[in-house]
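Note sheet for the following structure.
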Amino acid sequence: MSKITFLGAGSTVFAKNILGDCMTVEAIQNFEFALYDIDHERLNESEM
C-alpha cells in the first residue's frame, strides 16, 4: 500500500481541507495517509 505523509498537520483546518481534497481523487483513495506534527496536542485535534 502506498502512503502519503503530511508534516505539520497540526492545523485542523489544513488537515481537514487537504485530506478532504485527497479523498476526492480516485487515484489515491486507497492510499494510507499519515499526519505528523511536533505539537502532539494539536495533531490529536486534527484526527478524523
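All residue numbers for the sequence shown refer to this note's numbering, where the first residue is 53 and numbers rise by one.
C-beta: ideal position from N, C-alpha, C; glycine also.
Asked	Found
Tell me, which residues are paired with E84 by DSSP?	K55
What first and last residue would you give for the alpha helix (DSSP H) that runs through S63?	No alpha helix (DSSP H) holds S63; DSSP gives it neither H nor E.
Classify D73 as helix, strand or coil using the three-state DSSP reduction.	helix
Using only the alpha-carbon positions, how far apart do R94 and L59 sit?	13 Å
Report yes if the C-beta distance between G62 and E97 is below 9 Å; otherwise report no.	yes
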